[in-house]
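Asker: Chains as they are written, first to last, in my numbering: chain H, -3 to 478; chain B, 45 to 120.
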Amino acid sequence: MNNTLANIFINKASQSKKIIEIESGVEKTHYEIANRAKEISKSDDIKNGKIITVILPNSVGYIECFLGCMLKGSIFSPLPYFTQIQELDKVLTYVEPSLIITDRPDVRETFSEKYKVSDVQSLTAADNSFNEHAIDINKPIALYYSSGTTGNPKGVLYSSNNMLNLISSIVRGFKFSDQDKQLAFLPFGHTASINYNILPALLTGCDLYISNGFEFLRSNFFSTLSDCQITYVEIVPTVLFMLNKLKIDVSNLNLSSLSFIGCGSSTLPLGAQKEFINQYNIGVGNLYGLSETGPTHIDDPREKNWQPGSIGIPLDVNECKVSKNGELLIKGDNVFIGYYKNQNLYEDVVVNGWFHTGDLGYMDNGRYYFSDRKKDLIIKGGINIVPMEIEEVIYKHSEILECVVVGREDSIHGEEVVAVCVKNGSITEENLSKEILEICRAELSSYKIPKQIYFWEELPKTASHKLLRKDVRKKINKISVR
Amino acid sequence: MNYSEIEDKVIAVVSNTLNVKNIDLQSSQANASEWDSLAYLSVISAMEEEFEIEITEKNINNFGSVKNMLNEVNHL
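1) Cβ of B:GLU49 less than 8 Å from any chain H Cβ?
2) Does any CB atom of chain C fall closer than 8 Å to the CB of B:GLN73?
3) Write down every uninterrupted run of the alpha helix (DSSP H) in the stretch 244 to 294 of chain H whose length is 4 residues or greater and which is fully enclosed by it, in chain order.
4) Taking all protein chains shown into account, decide if H:MET384 is buried (16 or more other Cβ within 10 angstroms of its Cβ) or exposed.
5) Output yes if chain H places a C-beta closer than 8 Å to the C-beta of B:SER114; else output no.
6) Is it right to say H:ILE326 is buried, meaning 16 or more other beta carbons lie within 10 angstroms of its own, or is it exposed?
7) Identify the residues that DSSP records as bridge partners of H:ARG363: which are they?
8) Within 10 Å of its beta-carbon, does B:HIS10 have 16 or more other beta-carbons around it, so buried, or fewer, so exposed?
9) Kindly indicate if chain H contains any beta-carbon less than 8 Å away from that of B:GLU96.
10) Does B:VAL202 come within less than 8 Å of chain H when only Cβ atoms are used?
11) Since H:SER422 is in the beta strand (DSSP E), which residue starts that stretch and which ends it?
12) Between the C-alpha atoms of H:GLN214 and H:TYR335, what's the straight-line distance to the nearest angstrom?
13) Roughly how many whole angstroms lie between the Cα atoms of B:GLU49 and B:LYS65?
14) Kindly give me the distance between the Cβ atoms of H:TYR58 and H:LEU88, rounded to whole angstroms, as I take these residues to be in contact under 8 Å.
15) In three-state DSSP terms, what is H:LYS474?
16) Alpha carbon to alpha carbon, what distance is there between H:SER20 and H:ARG478?
17) Starting from H:PRO136, follow its DSSP beta bridges and name the residues at the other end.
18) Go ahead and pull the three-state DSSP assignment for H:HIS26.
19) Can you tell me which of the three DSSP states H:SER306 falls into?
20) I'd like the ranges of any beta strand (DSSP E) spanning at least 3 consecutive residues and lying wholly in the stretch 381 to 422 of chain H.
21) Tell me which residue opens and which closes the beta strand (DSSP E) that H:TYR228 is part of.
22) Could you give the distance in angstroms between the alpha-carbon of H:VAL414 and the alpha-carbon of H:THR424?
23) Would you mind stating whether H:ILE48 and H:ILE6 have Cβ atoms separated by less than 8 Å?
24) Compare the Cα-Cα distances from H:ILE206 to each of H:GLU92, H:ASN158, H:ASP85 and H:PRO53 and report the closest residue.
25) On the criterion of 16 or more Cβ atoms from any shown chain inside 10 Å, does H:SER55 qualify as buried, or is it exposed?
26) Tell me, please, whether the CB atom of B:ALA83 is closer than 8 Å to any CB atom in chain H?
27) Taking DSSP's pairing of strands, which residues face H:GLN448 in a bridge?
28) According to the neighbour-count rule (16 or more other Cβ atoms, all chains shown, within 10 Å of its Cβ), is H:ASP406 buried or exposed?
29) Determine the extent of the alpha helix (DSSP H) in which H:GLY328 is found, giving its start and end residues.
30) Short of 6 Å in beta carbon distance, which residues of its chain neighbour H:HIS198, apart from the five on each side in sequence? Order them along the chain.
31) Using a 10 Å radius around the Cβ and a threshold of 16 neighbouring Cβ atoms, would you call H:TYR358 buried or exposed?
32) Between which two residues does the alpha helix (DSSP H) carrying H:ASP203 extend?
33) Keeping to the same chain, check which residues put their C-beta closer than 7 Å to that of H:ARG363; ignore five residues upstream and five downstream.
34) Look up H:LEU334 in the DSSP assignment and say whether it is helix, strand or coil.
35) Between the stretch 231 to 239 of chain H and the stretch 250 to 261 of chain H, do at least 3 Cβ pairs fall closer than 8 Å?
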């Protein structure tokens, strides 16, 4: 038998444990889900070694597709549900999926001539027998697309071996068990929900509650934790900021089942973390990880003498060290096997097995601390945005001489997208701003569109004319705009 | 500010926050695909700033549609 996460789940799928959609009320036992996953894996459209792009909301169907693809040895490639059509076009051209699974009519309408498109319900078994497919555990089983420029897209390839080792380590590190009740509400198109909630719940065989998003839980967030006796939930700093603001009265709720709350995907300011802990008397761990490795550390507030501020200790799946220039490096079975169609980039970032995270940090007394990002990523509400992707779109305007996109600190999203341009010609700044936004609206998903566009006479550069992106970021963050 | 001005302002806040033009009185999370989880929090934040509203446990459910937000502002 293949030792894969999907097989482990299928073989112990219980009739008593469930996955429950909170908003729709749909609930299915693990046993039912396992049977449906087997059926999906037998569909002629799910092919071994081929990429299956999934554009689905948070749902049981999404998980069944994930399992079905894993059983068949297909490469599961989730995309955020609300990705704009123009952007999907770019991503799909790069990914070249053999099948798109979606319930979005606009996706079907736009892409069904170029790609095979199906909904979940139409994936039925070609025959009734279930034959286990031989899976090479070192071959890719997931392709996590993260944004990039046209010339340098980034799709992280994760093998079955990566996945099982990572999730087993998370289960040990977070002390998850089949008695847990997990809540997953972050978008399933991103890896946070996959790695912290979905896959650990499948591996341990525990109950999993699914919500379509924080906007559906809103003021009911804590009462949902109480009513469902949730033991673990993963959030992002944006949600924590909002919960801090809301000052919800939890005095009458029974939150005794909750082990702690994990908060990751972008920088968690220490002040906000402490405010949350003081306000709600609930431990919140500052979790660190990247698409290329999954979570790498565990910051567990249940530890004796635990203090907020660090990202904790490395999970047992990987080693962590700090390089001479202060960069966090990771080595272990969780380190991805390649960037899709971009081997050169892989060789740049994985050297002698050590993955160079591009993040700066340090270690003190066995605990690791994140201090800054070395790379130019903007992280808005936990979602990674590559500034060059937006710059590439802005440069399409003929009046733009130079352009740089940076992150500006934001009290809700952590960072907000801001563009700084040098214009050419006599067009007014107001008109040019409008035209730039038009281009951005046509080509980018809404969360990537600059919140503000500045026009400067020139951009700061080194003597060798290299753009000083960090100087722009610093200057932008000093400008009072609120 | 009269009702019509408030209405224009609420629509402008949503439109600017979501970066879409076709926002009107009927717009809500149910019919504007850009109004997703992340945008929902952006809209709340922008409304707080524009109208000096305090978001609380009691009113947080009123920011998923232009109509509800308009009611919220008018009850200030």
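Quick reminder that beta carbons are idealized off the backbone N, C-alpha and C, glycines included.
Answerer: If we stick to the structure as given:
1) False, the Cβ-Cβ gap to chain H never drops below 8 Å.
2) Of the protein chains in this structure, namely H and B, none is chain C.
3) 266 to 276
4) buried
5) Checking the displayed sequence, the identity of residue 114 of chain B turns out to be Leu instead of Ser. No, no contact with chain H.
6) Its Cβ being crowded by 16 or more others within 10 Å, H:ILE326 is buried.
7) H:ASP360
8) Outside the shown range of chain B, which is 45 to 120, sits residue 10 of chain B, and nothing can be said about it.
9) no
10) Nothing can be reported for residue 202 of chain B: it is not among the residues displayed for chain B, which extend from 45 to 120.
11) Unbroken run through H:SER422: none, as it is neither H nor E.
12) Residue identity check: residue 214 of chain H is Arg in the sequence provided, not Gln. If I take the Cα positions, the gap works out to 37 Å.
13) Whole-angstrom Cα-Cα distance: 18 Å.
14) Between H:TYR58 and H:LEU88 a beta carbon distance of about 18 Å is seen, past the 8 Å cut, so the two are scored as non-contacting.
15) helix
16) Its pLDDT being 42, under 50, H:ARG478 is placed unreliably in this model, and the coordinates cannot settle the point.
17) H:SER155
18) In this structure, DSSP gives H:HIS26 a helical state, which the three-state scheme calls helix.
19) strand
20) Within the stretch 381 to 422 of chain H, the runs of beta strand (DSSP E) that reach at least 3 residues and sit entirely inside it are, in chain order, 396 to 406 and 410 to 419.
21) 228 to 231
22) 19 Å
23) no
24) H:PRO53
25) buried
26) At least one C-beta of chain H is nearer than 8 Å to the C-beta of B:ALA83.
27) H:VAL414
28) buried
29) Premise fails: H:GLY328 lies in the beta strand (DSSP E), 323 to 328, not in any alpha helix (DSSP H).
30) Residue identity differs from the one stated: residue 198 of chain H is Leu in this sequence, not His. These residues qualify, in order along the chain: PHE5.
31) Per the 10 Å Cβ criterion, exposed.
32) Segment 203 to 206 is the beta strand (DSSP E) holding H:ASP203; no alpha helix (DSSP H) there.
33) SER306, GLY308 and ILE309
34) The sequence as given places Gly at residue 334 of chain H; Leu does not occur at that position. Three-state result, H:GLY334: strand.
35) yes
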